[in-house]
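Numbering (this note's numbering), first residue to last: 13 to 161. Beta carbons are placed, not taken as given, at the ideal position from N, Cα and C, and that holds for glycine. Everything below concerns the one structure shown next.
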């Protein structure tokens, strides 16, 4: 039985509700599901992996703690670009390093609205079939957007 819990959270934009965790078989499956959900803007799929205790450590020393805060971050991220989100961004794995239940992925992000690819790395800490922590390098201020004509 899992030690992890999940309070119900609601996407403030779409009103989708995520109320339960859906564990994967192993860390590789957790990461694959995460990247697939990011690439398709699947907010419920992203949230199904994160327990109440989720932490995201981001550039600049920013730490996002808890399922509700992470859900709000993903809700904004998965919005279409026209609504200032990153919907349409595609992450492609370039390489990975596995250490126990932690998978570090070097990735490339592309989108129709980007003038050039953006490169980064994320460390995904998995436990009990879930993603319990992320250390990410994505810095939206470093993205180079196409100019509109």
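Test item: CB-CB of residue 39 and residue 113 under 8 Å: Position 27 of the chain shown, counting from 1, holds the residue named residue 39. Position 101 of the chain shown, counting from 1, holds the residue named residue 113. A contact, by the Cβ cut-off of 8 Å.
By the DSSP assignment, the beta strand (DSSP E) with residue 144 in it spans what residues? Your numbering for residue 144 matches position 132 in the chain shown. That run of the beta strand (DSSP E) goes 142 to 148.
Straight-line CA distance for residue 105 to residue 22? Here the question's residue 105 lines up with position 93 in the chain shown. Here the question's residue 22 lines up with position 10 in the chain shown. Using only the alpha carbons, I get a separation of about 29 Å.
Assuming contact is defined by CB atoms lying nearer than 8 Å, are residue 36 and residue 141 in contact in what I supplied? Residue 36 sits at position 24 when you count from the first residue of the chain shown. Residue 141 sits at position 129 when you count from the first residue of the chain shown. Contact: yes.
So if DSSP puts residue 23 in a beta bridge, which residue, or which two residues, is it bridged to? Sequence index remark: in the chain shown, residue 23 carries index 11 (1-based). In DSSP, residue 23 forms no bridge with anything.
Secondary structure at residue 62, three-state DSSP: helix, strand or coil? Working through the chain shown from its first residue, we reach residue 62 at position 50. Residue 62: coil per DSSP, three-state reduction.
Assuming residue 24 contacts residue 87 under a Cβ cut-off of 8 Å, what Cβ separation, rounded to an integer in Å, is found between them? Position 12 of the chain shown holds residue 24. Position 75 of the chain shown holds residue 87. Yes, residue 24 and residue 87 are in contact; Cβ-Cβ is about 6 Å, under 8 Å.
For residue 132, the first and last residue of its enclosing beta strand (DSSP E): Position 120 of the chain shown holds residue 132. Note, residue 132: beta strand (DSSP E), 130 to 139.
Residue 63 and residue 33 closer than 8 Å at C-beta: The residue you call residue 63 lines up with position 51 of the chain shown. The residue you call residue 33 lines up with position 21 of the chain shown. Yes, the Cβ-Cβ distance between residue 63 and residue 33 is below 8 Å.
For residue 125, collect the residues of the same chain with a Cβ closer than 8 Å to its Cβ; drop the 5 residues on either side in sequence, then sort them by chain order. Mapped onto the chain shown, residue 125 falls at position 113. Closer than 8 Å at Cβ, skipping near neighbours: 93, 100, 157 and 158.
Taking Cβ to Cβ, would you say residue 149 is nearer than 8 Å to residue 56? The residue given as residue 149 occupies position 137 in the chain shown. The residue given as residue 56 occupies position 44 in the chain shown. Against a cut-off of 8 Å, the Cβ pair of residue 56 and residue 149 comes out as no contact.
Kindly indicate which three-state DSSP category residue 36 falls into: helix, strand or coil? As a first step, residue 36 is located in the chain shown; it is residue number 24 there, counting from the start. If DSSP states are grouped into helix, strand and coil, residue 36 belongs with coil.
In three-state terms, what does DSSP make of residue 89? Indexing the chain shown from 1 puts residue 89 at position 77. The answer is helix: DSSP assigns residue 89 an H, G or I state.
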